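If you count by my numbering, then the sequence shown holds residues 327 to 842, one letter each, in order.
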Amino acid sequence: MSGLFAFHGGLKTVRHKTESNQTPIQTPPLPPRLLVPLRQHIGNPAKPLIQPGDRVLKGQMIGQADGYISAAVHAPTSGVVVALEPVPVPHPSGLADWCVVIDSDGEDRWIDRQAVDYRQMHPSDLRNWIRNSGVVGLGGAVFPSAVKMNLSGHCERLEHLILNGAECEPWITCDDRIMRERAAQIVAGIHILAHLLNPREVLIGIEDDKPDAIAAMSAACAGTGYQVRAVPTRYPSGDVKQLTKLLTNKEAPIKGRSTDIGVQCFNVATAYSVHRAVNHGEPVISRIVTVTGHVRQPGNVEALIGTPFSALIDWAGGYREGAERLIMGGPMMGFALHSDEVPVTKAANCILIAGAADLPAEQPALPCIRCGACVEVCPANLLPQQLYWHARAREFDKAQDDQLFSCIECGCCSYVCPSHIPLVQYYRFAKNEIWAQEKEKQKAELARQRHQARVERLEREKQEREAKLRQKAPAKAASPVGESAQVPLETAVARARSARESVTAPATADSDAAQG
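This is the structure we're talking about:
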């Protein structure tokens, strides 16, 4: 492990990897109905391009990226769109979100796929191709990958392109299997990323408990100059900040980005999807999902996006006796689900069915005893107990001063807390409250700007009207039309005066005669 460094804190966890990584990736039967969410990524949801009754082909774009930070969504199979409606999706609260509901026709017919020669494409065109292929981070963050491929304004040249194959979370083995079985295709995707980003070096970090994946990737990288490095098996070495520290000894500045220090990182499965999108013209319509825990046949499956979790659990032989909790993701950073009828999304790297012995039961929280255990394991080198007190007291400004948003929500602090305080839940609560307040401030500021713009517009229009009236007044006084208008007026006055005089004169004469 020469050339490696260390990060602060972290944990040695029980791995539970062998339960699911002993068999090759499988392909389950085609589901009769798919529920495809329009929001499967960070940023704006995709804008629907279809309506109920439309027939679609496999790989057809059904949702267009809406805005810079967004990603396209595609039909995972051929069939008929039967609804565009809110459907429960994987979310801690059981949230419903807009989904395209597709009934499969059983034919699984593709669109006409077109590969492109990335070496002949302008970088912006290549990024747009990847964006329209729906490529996002498949390690869990689901950030639109095309955005990360644009270094404009961030750094002159990338120093390190990092491929993340650490897969540090317990139970999850989807990256392990894809590296073992599709290493050459991953490296083909790395070629495309390296072509776009032009890094000085390419580093591939894999935890040292995956010897078969390390061997496969090393063989595929032979002659490329790409460096495969085995990193210590320590959670959370797969987080981008910790992996960057391990491989380069660099740390992104607080509130900064990895590109500020010349680093960009992609998951190995993301590199594979880049290869499929560019070299085969296939958008992201499936992903590798680990199905493990209390099922009869744990393993990894290439699942179509929109497949109900229940279908994959059935594929794995169904629930075993003792199954208690359904979790998307791992036990550290995943979240419990209320139902198995939610669809697979691009973020769904693992379906974990946990039993009572697999995860500790939730216990009542006790007061903090200030033991400092959370400080020792925090990989972000924060003060978790301070953040907890600030979040609990709703002192959000103080929480931000203590770098709340540097917390990666890895769960190490909650894991070691002897008082069983759900620390990460408090941090998430504080972040959500801050985001909500910021949105309200933005709405209020937008309303203020609109009101101010209206006041200024009305004042401007008033001044323009007054200026026009001032311009018309002297023009009217000096115009020939104004002078000629005085003539009939004066004539009418004279005529009226003359008429009165003519009436008065005879009456006066008669009076004089009578008196005489």
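Positions of the beta carbon are idealized from the N, C-alpha and C atoms, including for glycine.
As the structure is a computational prediction, the values presented were derived from the model and not from experiment.
Backbone CA spacing between G385 and Q775 [nearest angstrom]: Cα to Cα, the separation comes out at about 43 Å.
heavy atom of the ligand ATP below 6 Å from G465 C-beta: Summarising the ligand content, the structure contains no ligands, and the ligand ATP is consequently not present.
Contact between the stretch 398-405 and the stretch 417-430 (3+ Cβ pairs under 8 Å): Taking 8 Å as the limit for Cβ pairs, the verdict is that the stretch 417-430 does touch the stretch 398-405.
Extent of the continuous alpha helix (DSSP H) run through T596: T596 -> alpha helix (DSSP H) spans 594-605.
Proximity to M543 [Cα-Cα], best of K567, I512, H521, N524: I512 is the residue among K567, I512, H521, N524 whose C-alpha sits nearest the C-alpha of M543.
Cβ-Cβ distance between V461 and S450 below 7 Å: Against a cut-off of 7 Å, the Cβ pair of S450 and V461 comes out as no contact.
Three-state secondary structure assigned by DSSP to T669: First, the amino acid is wrong: residue 669 is Pro here, not Thr. DSSP places P669 in strand when its eight states are reduced to three.
According to DSSP, residues forming a beta bridge with Y741: Per DSSP, none; premise fails for Y741.
Three-pair Cβ contact test at 8 Å for the stretch 366-381 versus the stretch 652-666: Output reads no: the stretch 652-666 does not touch the stretch 366-381.
Beta-ladder partner(s) of G531, from DSSP: Answer by DSSP bridge pairing, in chain order: N490, R555.
Bridge partners - H400, DSSP secondary structure assignment: Within the DSSP bridge table, the entry for H400 names M387 as partners.
Assigned exposure category for W455 - 16 Cβ within 10 Å defines buried: The residue in question, W455, is buried, as its Cβ has 16 or more Cβ neighbours within 10 Å.
Neighbour-count burial assignment, Y561, 16 or more Cβ in a 10 Å radius: Burial call: buried.
Presumed contact (8 Å Cβ cut-off) between A391 and I504, rounded CB distance: Taking C-beta atoms under 8 Å as the contact rule, A391 and I504 fail to qualify, at a distance of about 25 Å.
CB contact check: P374 to chain C, cutoff 7 Å: No chain C is part of this structure, which consists of one protein chain only.
7 Å Cβ shell around T339 - same chain, five flanking residues per side excluded: Within the same chain, T339 has close Cβ partners P496, Y561.
Status (buried if at least 16 other CB within 10 Å, exposed otherwise) for R508: Counting every other CB atom within 10 Å of its CB across the protein chains shown gives R508 a total of 16 or more, marking it as buried.
Nearest to H664 (by Cα), restricted to the options P690, N675, S636, W641: Selected option, being the one with the closest Cα: S636.
C-alpha gap between Q348 and V668, whole angstroms: Cα to Cα, the separation comes out at about 27 Å.
Beta-carbon gap between G607 and C494 smaller than 7 Å: Not in contact: G607 and C494 (Cβ atoms no closer than 7 Å).
DSSP beta-bridge partners of I653: In the DSSP assignment, I653 is bridged to A662, L678.
Nonlocal neighbours in the same chain, by C-beta distance under 7 Å from F333, ignoring five residues either side: Taken in chain order, the residues that qualify are Q568, K571, L572, P705.
Status (buried if at least 16 other CB within 10 Å, exposed otherwise) for H448: Looking at its Cβ environment, which holds fewer than 16 other Cβ atoms inside 10 Å, H448 is exposed.
Coil, strand or helix - G842 by DSSP: Bear in mind that the predicted position of G842 carries a pLDDT of just 42, short of 50, making it too unreliable to give a figure here.
Short Cβ contact (7 Å threshold) for P710 with C697: Taking 7 Å as the Cβ cut-off, P710 and C697 do not qualify as a contacting pair.
Close Cβ partners of H342 (< 6 Å) along its chain, the five nearest in sequence each way excluded: Excluding its 5 nearest sequence neighbours in each direction, H342 has C-beta neighbours in its own chain below 6 Å: P496, W497, listed in chain order.
Assigned secondary structure, W641 (DSSP; H/G/I helix, E/B strand, else coil): Helix, per DSSP.
Every unbroken beta strand (DSSP E) inside the stretch 705-766 [3 residues or more]: Entirely contained in the stretch 705-766, not one beta strand (DSSP E) run reaches 3 residues.
Sub-7 Å separation of V468 and K757 beta-carbons: Their beta carbons are not under 7 Å apart, which means V468 does not touch K757 by this criterion.
Proximity below 7 Å, CB of Y598 to CB of G466: Y598 places its beta carbon 7 Å or farther from that of G466.
CB contact flag (I679, G737, <7 Å): The answer is no: Cβ separation not under 7 Å.
Touching by the beta-carbon criterion (3+ pairs, under 8 Å), the stretch 706-726 and the stretch 638-656: Of all C-beta pairs linking the stretch 706-726 to the stretch 638-656, fewer than three are shorter than 8 Å, placing the two stretches out of contact.
N-terminal and C-terminal residue of the alpha helix (DSSP H) that W424 is part of: Where W424 is concerned, there is no enclosing alpha helix (DSSP H), although the beta strand (DSSP E) it sits in stretches over 422-430.
Rounded C-alpha distance that separates A401 from P525: Their backbone Cα atoms lie some 34 Å apart in a straight line.
Straight-line gap, I677 to S745 (C-alpha atoms, nearest Å): Taking the straight line from one Cα to the other gives about 29 Å.
Check whether R622 and R602 have beta carbons under 7 Å apart: If you check the CB distance, R622 and R602 do not come in under 7 Å.
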